[in-house]
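Numbering (the working numbering), first residue to last: 67 to 474. Where a beta carbon is used, it is the ideal one built from N, C-alpha and C, also for glycine. Structure, as structure tokens:
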Amino acid sequence: MTLEQAKEKLAKYGQEHVLKYYGELTEEEKRGILDQIEATDMSILEACKHKEDLAKKGVITPLAAMQLDEIEANRESFTATGIEAIRQGKVAAVLLAGGMGTRLGSDNPKGMYNVGLTHELYIFECLINNLLEVVHQADAWIHLFVMTSDKNNDATITFLQEHDYFGYKAEYVHFFKQEMAAATDYEGKIYLEEKGKLSTSPNGNGGWFISMKNNGMLDIVHNEGIEWLNVFAVDNVLQRIADPCFIGATIQRGCVVGSKVVRKNAPDEKVGVMCLEDGRPSIVEYYELTDELMNAKDEKGEPAYNYGVILNYLFKVQDLEKIMEEKMPLHIVEKKIPYLDENGEPVKPETPNGYKFESLVLDMIHQMDSCLPFEVVRRKEFAPIKNKTGVDSVESARELLVENGVVL
Ligand code: UTP
67 MTLEQAKEKL
77 AKYGQEHVLK
87 YYGELTEEEK
97 RGILDQIEAT
107 DMSILEACKH
117 KEDLAKKGVI
127 TPLAAMQLDE
137 IEANRESFTA
147 TGIEAIRQGK
157 VAAVLLAGGM
167 GTRLGSDNPK
177 GMYNVGLTHE
187 LYIFECLINN
197 LLEVVHQADA
207 WIHLFVMTSD
217 KNNDATITFL
227 QEHDYFGYKA
237 EYVHFFKQEM
247 AAATDYEGKI
257 YLEEKGKLST
267 SPNGNGGWFI
277 SMKNNGMLDI
287 VHNEGIEWLN
297 VFAVDNVLQR
307 IADPCFIGAT
317 IQRGCVVGSK
327 VVRKNAPDEK
337 VGVMCLEDGR
347 PSIVEYYELT
357 DELMNAKDEK
367 GEPAYNYGVI
377 LNYLFKVQDL
387 EKIMEEKMPL
397 HIVEKKIPYL
407 DENGEPVKPE
417 TPNGYKFESL
427 VLDMIHQMDS
437 CLPFEVVRRK
447 EFAPIKNKTG
457 VDSVESAREL
467 LVENGVVL
């Protein structure tokens, strides 16, 4: 893109200020910022001016979960189906590790966090240990795709290589980078991170499948005959990945998505819950749950919206390919965004100072025709690390790891 074209694009979206230091840049930096301006989708930035219109929900009705007793009664059969699919190479795992982990506040990728106390035990290591259990049970390797972002890609790859993938087979590990989106102040003006660089942040975890495609990962999926992708978050150190019972249940029930869920702790717990929205599977966020929905009961007299998602989904590849062109809803999230002040000095803010723009994997559920919410025991499978202390923290996860026999 030429300087003139860049100016034209910026004028269209009221972002001319990002060229403030253009005259001071080296030729390489000039090229860099022009390329960035060309690649940035600025049409989405306007959305922060009418944020309240973004998340309009349809009609919400309950979607029953497969509960523990039903799972126990069918465990053997579900597990056999799942193991068979894994042995046939039909299942792969996708680790979503492109996030910034700002709440944890470490400069390294979240997976590099050491939760060990008497020995080193990294978050990535916990996840790989969990996956290795299935590899041994099925006696078959499972492809593991790892999504990173520009901000943490090199550190993630180097760390895993240096640790020999914690015993995972290197040729079964594939890295790909997600896309970035511009980050703005509260008026929707893009921040500068450096004089020749727009502030950007990863564009949310909802673009994972498109990013797999853009990075050639779908060639591996097709060549290997992978039919199911188990997408999971980096921060839940207890989760079972490529869980044969979960895979088997989703296949046997003929669903195109499975979603691991936990029974809510309290009606107002801050988790998104599974539901139907206009008759299609969906997730209603805790802040969208009206009192009426919160107190609604099912035919057994139990809360009708009682199963929270834990970001562990099994998607059927064929159906993901059908929705690839569909536009996903945009979420605007307040974040701490490093920026240059008016004197051109870099600032690392202590409190949120603007917006980042994200699409979320949970919105993909609504694009799918059918979904099986599959209950898991919270204290056995849900130990997310979002914060250093308190709820969903390093502290709470350590307690749960010990409770499940992991030596820290
Ligand atoms: P979170 O919603 O916890 O976001 O991500 P985060 O960026 O990691 O952490 P905070 O909010 O800044 O503290 C849930 C999962 O989605 C991944 C994360 O790595 C985590 O596994 N994620 C999130 C991405 O892969 N890309 C993104 O752009 C955002």
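Asked                                                                                                                : Found
Cβ pair count under 8 Å reaching 3, the segment 328 to 336 against the segment 377 to 387                            : no
Any non-hydrogen atom of the ligand UTP closer than 7 Å to residue 300 Cβ                                            : yes
Residue 399 versus residue 289 - alpha carbon distance                                                               : 37 Å
Heavy atom of the ligand UTP within 7 Å of residue 367 beta-carbon                                                   : no
Residue 169 CB to nearest heavy atom of the ligand UTP below 7 Å                                                     : yes
Proximity below 8 Å, CB of residue 148 to CB of residue 310                                                          : yes
Reduced DSSP secondary structure (H/G/I, E/B, other) of residue 311                                                  : helix
Cβ-heavy atom distance, residue 221 to the ligand UTP, below 7 Å                                                     : no
Below-8 Å beta-carbon distance, residue 451 vs any chain C residue                                                   : Included in the structure is just one protein chain, with no chain C present.
Reference residue 214, options 207, 235, 240, closest by Cα                                                          : 240
DSSP three-state assignment for residue 88, whether helix, strand or coil                                            : helix
Supposed contact pair residue 467 and residue 303 - C-beta distance, whole angstroms, cut 8 Å                        : 6 Å
Other residues of its chain near residue 274: CB distance less than 7 Å, five sequence neighbours each side excluded : 160, 162, 213, 244, 297, 427
Residue 452 CB to nearest heavy atom of the ligand UTP below 7 Å                                                     : yes
Other residues of its chain near residue 141: CB distance less than 7 Å, five sequence neighbours each side excluded : 311
Given residue 359 as reference, the closest of 435, 365, 341 once Cα atoms are compared                              : 341
Three-state secondary structure (DSSP) of residue 162                                                                : strand
Delimiting residues of the beta strand (DSSP E) encompassing residue 51                                              : Since the first residue of the chain shown is 67 and the last is 474, residue 51 is not available in this structure.
Sub-8 Å separation of residue 376 and residue 193 beta-carbons                                                       : no
Three CB pairs or more closer than 8 Å across the segment 124 to 137 and the segment 178 to 188                      : no
N-terminal and C-terminal residue of the beta strand (DSSP E) that residue 298 is part of                            : 294 to 299
Alpha-carbon to alpha-carbon, residue 201 and residue 190                                                            : 16 Å
Continuous alpha helix (DSSP H) assignments of at least 4 residues falling wholly in the segment 197 to 260          : 219 to 228
Segment contact flag, the segment 420 to 440 with the segment 277 to 293, C-beta cutoff 8 Å, min 3 pairs             : no
The ligand UTP heavy atom lying under 7 Å from the CB of residue 277                                                 : no
beta-carbon residue 271 near the ligand HEM non-hydrogen atom, thresh 7 Å                                            : With respect to the ligand HEM, the structure shown offers nothing to examine, as its ligands consist of the ligand UTP.
Inter-stretch contact at 8 Å, needing at least 3 Cβ pairs: the segment 365 to 374 / the segment 394 to 411           : no
For residue 102 and residue 263, believed in contact at Cβ under 8 Å, the rounded distance                           : 7 Å
Residue nearest to residue 167 in terms of C-alpha spacing, selected from 429, 326, 271                              : 271
For residue 126, the three-state DSSP class (helix, strand or coil)                                                  : strand
CA-to-CA distance, residue 68 to residue 252, given in whole angstroms                                               : 29 Å
Proximity below 8 Å, CB of residue 249 to CB of residue 403                                                          : yes
Segment contact flag, the segment 203 to 222 with the segment 144 to 158, C-beta cutoff 8 Å, min 3 pairs             : yes
Residue 329 - partner residues in DSSP beta bridges                                                                  : 373
Residue 424: CB within 7 Å of a non-hydrogen atom of the ligand UTP                                                  : yes
Spatial distance of residue 79 from residue 113 (CA atoms)                                                           : 12 Å
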